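First comes the structure, then the notes that go with it.
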Amino acid sequence: MTPKAPYKPALAKAGVEHSIGVIKRVFGFAKVRYRGLKKNTHRLLVTCALANLFMARRHLLRCAGA
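Residue numbers (our numbering): 739 to 804.
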């Protein structure tokens, strides 16, 4: 086992934790309300798409300004 092996899962977890933190903090997805499985799924997918845009906003704005 190489010394770098324990770091790989930690790096993957760090990326996921950041995304989940953005979803919970910025978009208020801390609690799921029971509205039906279809509505909760739709809300989660839209929130994930918005979180991706939110995290890439600097890059997108830099490209649009050029």
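Positions of the beta carbon are idealized from the N, C-alpha and C atoms, including for glycine.
Since the structure is predicted, the reported quantities are computational estimates derived from the model, not experimental observations.
Measure the C-alpha to C-alpha separation of arginine 800 and proline 747 and round it to an integer number of angstroms.
-> 31 Å
Helix or strand or just coil, what does DSSP make of tyrosine 745?
-> helix
Between the CA atoms of alanine 750 and lysine 769 - distance to the nearest angstrom | 24 Å
Rounded C-alpha distance that separates phenylalanine 765 from glycine 803 | 26 Å
C-alpha distance - arginine 771 paired with threonine 785, whole-angstrom precision = 14 Å
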